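*Asks:* Can you read through this structure? Questions will come right after.
In my numbering, the protein residues as written are 10 to 119.
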């Protein structure tokens, strides 16, 4: 899928999440209006993080705080894919756009 998010915004999101998750195995999935193309000036950025194990709540809180306290021009809504309903997870996986994946994550998913 082709997302509609500017490259500098994608880079900011990926760098921030990678810095916080450091050695974790994960992938970052963009979903919602920036993938469907139905954005407005009030649109937030919907991000799902898929990992081999659920992310601890402290890491999730730290990532949310990172985006809230930055000068990033968009609101970022983060979800841990392992903690959402099966229906929502399937929707994200079908319609979302993987914007980053650790190589270790790919190797362990084979």
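Ideal placement from N, C-alpha and C gives every residue a C-beta, glycine not left out. Note that the coordinates shown come from a computational prediction; the quantities given were computed from them, not determined experimentally.
Work out the CA separation of residue 41 and residue 21 for me, nearest whole Å.
*Replies:* Counted from its first residue, the chain shown places residue 21 at position 12. Counted from its first residue, the chain shown places residue 41 at position 32. When rounded, the distance between both Cα atoms is 18 Å.
*Asks:* In three-state DSSP terms, what is residue 36?
*Replies:* Sequence index remark: in the chain shown, residue 36 carries index 27 (1-based). Note: residue 36 maps to strand in three-state DSSP.
*Asks:* Does at least one heavy atom of the ligand GTP sit under 7 Å from the Cβ of residue 15?
*Replies:* In the structure on display, the ligand GTP does not appear, and there are no ligands present to speak of.
*Asks:* Closer than 8 Å is the cut-off here; do at least three beta carbon pairs connect the segment 22-30 with the segment 89-104?
*Replies:* With a cut-off of 8 Å, the segment 89-104 and the segment 22-30 do not count as touching, because too few Cβ pairs lie within range.
*Asks:* Return the residue from the list 96, 67, 13 and 56 that minimises the CA-CA distance to residue 84.
*Replies:* Within the chain shown, residue 84 is the residue found at index 75, counting from 1. It is 56.
*Asks:* State the start and end residues of the unbroken beta strand (DSSP E) segment that holds residue 60.
*Replies:* Your numbering for residue 60 matches position 51 in the chain shown. Run containing residue 60: 54-60, per the beta strand (DSSP E) assignment.
*Asks:* Report yes if the C-beta distance between residue 12 and residue 89 is below 8 Å; otherwise report no.
*Replies:* Sequence index remark: in the chain shown, residue 12 carries index 3 (1-based). Sequence index remark: in the chain shown, residue 89 carries index 80 (1-based). Contact: no.
*Asks:* Of the residues 19, 35, 31 and 17, which one's Cα is nearest the Cα of residue 112?
*Replies:* Locating residue 112 in the chain shown gives position 103, where the first residue counts as 1. The residue with the shortest Cα to Cα distance from residue 112 is 35.
*Asks:* If you reduce the DSSP assignment to three classes, tell me which class residue 118 lands in.
*Replies:* By one-based count along the chain shown, residue 118 stands at place 109. Legend: pLDDT at residue 118 = 45, less than 50; position of this residue unreliable, value from coordinates given subsequently. Note: residue 118 maps to helix in three-state DSSP.
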